[in-house]
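A.B. asks: Got a structure here, written out as structure tokens. Questions coming.
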Amino acid sequence: MKLKNYPALLASLGLFSSLLQFSSCNKAEPFPEQIEFEAPKSFELKFGTDTLIDFSKQLVKYKSINVQLDFKDNPDLLVNSSYRLQQLLAKAITFDHKTLKLHINSSLLYPNGSKNHSRDISIPENFSVKMTLNTFSGTLPAQQQFNFKVLPLDLAIKGATKDHNHQFSYALYSAEETAFPLEAAEWLNQGAYWHLPEPHDKQVSLKDNKIVFAGTEGNLTNQEEKTYNVAPELLKDDFPIAKLQFRSIFIPKIQFVFGTYYPEYNFSVKYNYLIVNLNEGYTSQAPSLYPEKYKSKFELVKIEKDGQAFSDSDKIFSINTENGVVSTKEKNNLKPGSYKLTVKAITSTGIALETTLTLVLEK
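Reading the sequence shown from the start, the letters are residues -27 to -1, 1 to 336 in mature numbering (1 follows the signal peptide of the UniProt record, and there is no 0).
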């Protein structure tokens, strides 16, 4: 009878079990890595700007990264004849897998909150984008969502001064139309167009991309100062992409002359051509500027002698900047001839006017 060696068998079985456990531990799969990235939570950009968001530093360590963009949290409005809003967002917002940058072309969109002029629809107050990232190397996918807002364009009116949210300009009453060009050539070439909302003053209209004020009849100097507030809009597919607040202040036609102005007759008597002894020192009368409330300061801008430029290197001629009085130094070396002085009046509104005074020194 053959005896079995059970202790040896048990020992062998124990060793085999240990080897199995060791082998099993070596083959255990590592826990999948989580993709980590940080998208901006929210931001604003002007309509017409191209924006790049660079994720390269965050994502370069991942191989074969795949980014999917989802726009389903936005209302799927039919915004124009070709696109619904979600389709337009997919066209305007793209991810470049080579550079790992997100590109937003806001000129393909519309400013948020804008209301359509012909249909009862509005662009939402912001746009929402969901980013989902995954790889083909076993990493766990990641997802983030961000919002952004497209702001209306800032456009200028040629000849206007900007003050906070308004642009304004002074203008003189005229029998002819007064026009202010609207500067938006780039967008007009892309199909945008200007619109003047109702109600507005009937003296104001839009012509050839200009704000036009009708001419005024009667005595232009005796008109009352009047302010017009105009709010033109630049539209794209009937959505406003720019809104302007423009204030134009019309003031009476200013009379500026060396002489006397009679407002009751709208008539001037000029004393602007005089034969005087300039060598002994000369002081002119102050020029007339009417209405006087617009008087501000005066400048001597040009001197000509017998039709040619005169440099006045010895500073013989001068002007009182407060009242416009012109003077010459006493005992100067001026030669005989005709001296034509151009004087500028800069009014309190910023409007500049020029008049001339000719002084003749005879032999």
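No residue lacks a Cβ here, since even glycine has one placed at the ideal position from N, Cα and C.
The structure presented is a predicted model; accordingly, all values stated were derived computationally and were not measured.
Find out if the Cβ-Cβ distance for the pair Lys268, Tyr146 is shorter than 7 angstroms.
C.D. replies: no
A.B. asks: When DSSP labels each residue in this structure, what does Thr194 get in the three-state scheme?
C.D. replies: Note: Thr194 maps to helix in three-state DSSP.
A.B. asks: Hey, Thr256 and Gln228 are a contact pair by Cβ (cut 8 angstroms); roughly how many whole angstroms apart?
C.D. replies: Not quite, the Cβ-Cβ distance comes to about 22 angstroms (not below 8 angstroms), so this is no contact.
A.B. asks: Just to confirm, are Phe28 and Ser79 a CB contact at a threshold of 7 angstroms?
C.D. replies: no
A.B. asks: I'd like the span of the beta strand (DSSP E) that includes Gln117, first residue to last.
C.D. replies: Ala115 to Leu124
A.B. asks: Could you spell out where the alpha helix (DSSP H) holding Ala65 opens and where it closes?
C.D. replies: Leu58 to Ala65
A.B. asks: Name the residue from Asn192, Ser221 and Leu126 whose alpha carbon lies nearest to the alpha carbon of Phe153.
C.D. replies: Ser221
A.B. asks: Between Leu332 and Leu247, is the Cβ-Cβ spacing less than 7 angstroms?
C.D. replies: yes
A.B. asks: Grouping DSSP H, G and I as helix and E and B as strand, with all else coil, what is Ala129?
C.D. replies: strand
A.B. asks: Can you tell me whether Tyr83 is buried or exposed, with buried defined as 16 or more other CB within 10 angstroms of its CB?
C.D. replies: buried
A.B. asks: Can you list, in chain order, the residues of its chain with a C-beta nearer than 6 angstroms to that of Ser178? Leave out the 5 residues immediately preceding and following it.
C.D. replies: Val185
A.B. asks: Run the CB neighbour count on Leu75, radius 10 Å, all protein chains shown included, and call it buried at 16 or more, exposed below.
C.D. replies: Its Cβ being crowded by 16 or more others within 10 Å, Leu75 is buried.
A.B. asks: Look up Glu9 in the DSSP assignment and say whether it is helix, strand or coil.
C.D. replies: coil
A.B. asks: Would you please state the rounded distance, in angstroms, between the beta carbons of Gln7 and Ala115? I believe it to be under 8 angstroms.
C.D. replies: 7 angstroms
A.B. asks: Suppose you measure from the CA of Asp287 to the CA of Glu295; what does that come to, to the nearest Å?
C.D. replies: In a straight line, the C-alpha of Asp287 is about 22 angstroms away from that of Glu295.
A.B. asks: Which stretch, first to last residue, makes up the beta strand (DSSP E) that contains Lys209?
C.D. replies: Glu206 to Lys209 is the extent of the beta strand (DSSP E) around Lys209.
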